[in-house]
Amino acid sequence: MILLSALILAAVLPPPAYCQFDCRPPGPTAPRPTDIASNPAFLSAASDLTKVLQSAVSGDIEAGWPVENTSFSIGFISRDQEDKKTPVWEFHYLAPNNVRGTKNITRNSQYLINSITKVVSDYILLQSGVPLDDPVTKYIPELATNSSRINWDAITLKHLATGLAGIPPMYGFSEIYSLKPYFESLGFPQVQDVEYPPCGVVGLNAPCTTSELLHGISELHPVAKPGSRPVYSNLAFFLFTHALEIATGKNYTTLLRELVTEPLRMSNTKESPGDDSEAVIPPMESLWGSPYAHNLPGSGLVSTLSDLTAFFHSILDRSIMATETAVLEWLKPSSFASGSPYNFAGMPWEIYREYNLTPKHPHNVDMYGKGGGAPGYRSQATVIDDYGVAVVLLTAGSPKAANFIHNAVLRILIPVVDQIARDQATAYTGTYVSSPGESFDKIKVAIAQDRDSLLLQRLDRNGNDMLAAYRELFVANIGGTIDVLPTVARIYPTDITTSSPRLEFDGRNGSVVREEWRIDWELVGHNETALPGMELGKNHCWNWVTGDWVYYASESIDRMSFERDASTGEVLGVEIPVLRSGLLRKAPVQCHR
């Protein structure tokens, strides 16, 4: 029987394909892990990580970078940490050749943070109240000249903030006059000085004024059509922050103070140049102490591990914006990046989907990062929201160090955090039954855990196998339309919770937290054909369109909820609303001799 919902699906879905289980929802198999800082497994892994880094900087093992010239600070941040500005783990190293600046690196030592500045500037745009979809020419009309090669009227503030404006990265600043002989030695033609930009060329002329920069930008060639694909651009950040200054009547310094550093208590985050006495200054040519002028909104802030811990912790705990929805929307891709299926661009996130970050339990983990670099400095911030954690790394010295250090932290700590989540998920496993006298139905639910997720292993009502019924309904409504069959019933949390007073069935007071979960079937293709193209589409993932489709008397068959004690976290029971089950309580474990 083909039901109405199947006909609706047929109208909106593409041709049949096969869904591999690699498209399971990313992240842990339970609500984000808690009490990370006090967990023995995490403490042990953090101790191991400290020892590894100490061995690297002491020369006991090969670091991969000149440790005598490279200082760094790194912190691991957890959503549940007690102090917003203190990571749950941190490590600092002052290289012996660092003779300028601070003589004692702490989480309050200053670094140039380079393009992590872009995250702050995008946050300012989001908090400014200026409409993101306004064209940039509304505020900077001089861009819209008839002679401009770029269609500025089609470029919005959001395009600029997400890298989708299609404009060049730099004007003038990317040219270094002293490299002219080098270009000529490679076979490039000799050019006259007047052929360089009239301002902003390092070693040739003065920095651009705002009017000179806007005039120069208007003569640039586009790199891509607006909205078509991401193009990394520092100019974009100058342009949208300049538009903000015009729209609000406040300069970038004021916007930074009012929207970021004062509300988030980031007192050591400021425009370059910073404070030499508090700074980590590399023993080589660097941009420390340089004013960044128009490049400030894209790469010119100075900050500390403590301040950036506060910033990224506020993303993890959702307090950085007025609503959780706004934060979740910010942590989303805007477009694909490059030609890779694992790279995406955001606002201004450099998003990478890693499958083998947790080797014992491989699954997709989305990392929302932002890296930055300038002579003498490299920085990296990475938010892994699935686990409620983040990493912030600041380096002064060799550019090679940052990638090695950052990846070592991920490799050692993230598998442990994933295991903590899995260990905590065992609290949900077991058999749940209806209590005698409270229901006319006899309902039994068995929840187990395998290497991938929690499973709805058994669901019986009055002797009927309801999982078999679920499968039949799925095939009748959806499976035949998109050519897939449901196999294993996996369950995942949605992070949707409500609180209410505790029912006094067990004589205890207090409150409970109700967590919404969903059944997410593992799907496989089942039809064969002699026509060519059978192998195409095997990586299509249909799970996102198959959820919440089948209802019975106003209740979805794939919704379920757990109830937990708000103070202890104890799992009190599970409810299957479509079966009108009420709260099913966990049956005691039977011991057999």
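Heads up: the sequence shown runs through residues -19 to -1, 1 to 574, numbered per mature numbering (1 follows the signal peptide of the UniProt record, and there is no 0).
In this text, a Cβ means the ideal position worked out from N, Cα and C, and glycines have one as well.
Item                                                                                                                                                                               : Value
Is the CB-CB distance between leucine 466 and valine 505 below 8 Å?                                                                                                                : yes
Leaving aside the five residues before and after alanine 22 along the sequence, list all residues of the same chain whose C-beta is less than 7 Å from its C-beta, in chain order. : Val397, Gln400, Ile401
Going by C-alpha to C-alpha distance, which of Met328, Phe169, Gly181 sits closest to serine 155?                                                                                  : Gly181
Below 7 Å, is the gap between the Cβ of glutamine 108 and the nearest heavy atom of the ligand ATP?                                                                                : Within the structure as shown, the ligand ATP is missing, as the structure has no ligands at all.
Compare the beta carbon distance of proline 207 and asparagine 276 with 8 Å and say whether it is the shorter of the two.                                                          : no
What is the DSSP secondary structure of cysteine -1, reduced to helix, strand or coil?                                                                                             : Caution applies to cysteine -1, whose pLDDT of 38 falls short of 50 and renders its modelled position unreliable; the model cannot decide the point.
Could you check what DSSP says for aspartate 433 in three-state terms: helix, strand or coil?                                                                                      : coil
Determine the burial state of glycine 255: buried for a count of at least 16 other Cβ atoms within 10 Å of its Cβ, exposed for fewer.                                              : buried
Run through the stretch 57 to 82 for me and flag every whole beta strand (DSSP E) of 3 or more residues, listed as ranges in chain order.                                          : 70 to 74
Taking DSSP's pairing of strands, which residues face valine 555 in a bridge?                                                                                                      : Phe543, Leu565
Could you check which residue in Trp530, Tyr473, Glu496, Ile386 has the C-alpha nearest to that of lysine 32?                                                                      : Ile386
Within 10 Å of its beta-carbon, does tyrosine 533 have 16 or more other beta-carbons around it, so buried, or fewer, so exposed?                                                   : exposed
Quickly, what does DSSP pair glycine 506 with across the bridge? List them, please.                                                                                                : Val465
Could you tell me the alpha carbon to alpha carbon distance between glutamate 453 and phenylalanine 293, rounded to whole angstroms?                                               : 46 Å
Does the beta-carbon of residue 634 have 16 or more other beta-carbons within 10 angstroms, so that it is buried, or is it exposed?                                                : With the chain represented from -19 up to 574, any question about residue 634 goes unanswered, as that position is not in the structure.
So what does DSSP say about methionine 247, is it helix, strand or coil?                                                                                                           : coil
Determine, using beta carbons only, whether alanine 355 and alanine 362 come nearer to each other than 8 Å.                                                                        : no
Taking the continuous alpha helix (DSSP H) assigned at methionine 447, which residues delimit it?                                                                                  : 447 to 455
What does a CB cutoff of less than 8 Å around aspartate 422 pick up in its chain, not counting 5 residues either side in sequence?                                                 : Ser415, Arg442, Asn443, Leu560, Arg561, Ser562
Hey, out of Asp114, Ile393, Glu259, whose CA is closest to asparagine 79's CA?                                                                                                     : Glu259
Between the stretch 147 to 165 and the stretch 195 to 214, do at least 3 Cβ pairs fall closer than 8 Å?                                                                            : yes
Between phenylalanine 2 and the rest of its own chain, which residues show a CB-CB distance below 6 Å, the 5 nearest in sequence each way excluded?                                : At phenylalanine 2 the pLDDT is 41, less than 50, meaning the model places this residue with poor confidence; the figure from the coordinates comes in the next sentence. Excluding positions up to five away in sequence, the list reads Glu503.
From which residue to which residue does the beta strand (DSSP E) around glutamate 176 run?                                                                                        : First-last for glutamate 176: undefined, no H or E at that position.
Is leucine 560 helix, strand or coil by DSSP?                                                                                                                                      : helix
Would tyrosine 74 and phenylalanine 53 qualify as a contact pair, given that the criterion is a beta-carbon distance under 8 Å?                                                    : yes
Taking the alpha carbon of leucine 448 as the point to measure from, which residue in Thr83, Thr67, Val204, Asp501 has its own alpha carbon closest?                               : Asp501
Rank Val111, Pro14, Ser36, Thr412 by C-alpha distance to the C-alpha of aspartate 61 and give the top, closest one.                                                                : Pro14
Round the Cβ separation of glutamate 551 and arginine 545 to the nearest angstrom and send it over; I've been treating them as touching at under 8 Å.                              : 6 Å
Pick helix, strand or coil for asparagine 388, following the three-state DSSP scheme.                                                                                              : helix
Mapping the DSSP letters down to three states, classify leucine 24 as helix, strand or coil.                                                                                       : helix
Alpha carbon to alpha carbon, how far is alanine 228 from alanine 377?                                                                                                             : 36 Å
Methionine 348 bridges to which residues according to DSSP?                                                                                                                        : Tyr333
Among residues of its own chain, excluding the 5 on either side of serine 315, which ones have a beta-carbon nearer than 7 Å to its beta-carbon?                                   : Thr143, Leu145, Ala326, Gly327, Met328
Could you tell me whether the stretch 234 to 254 touches the stretch 278 to 293, using the rule of 3 or more Cβ pairs below 8 Å?                                                   : yes
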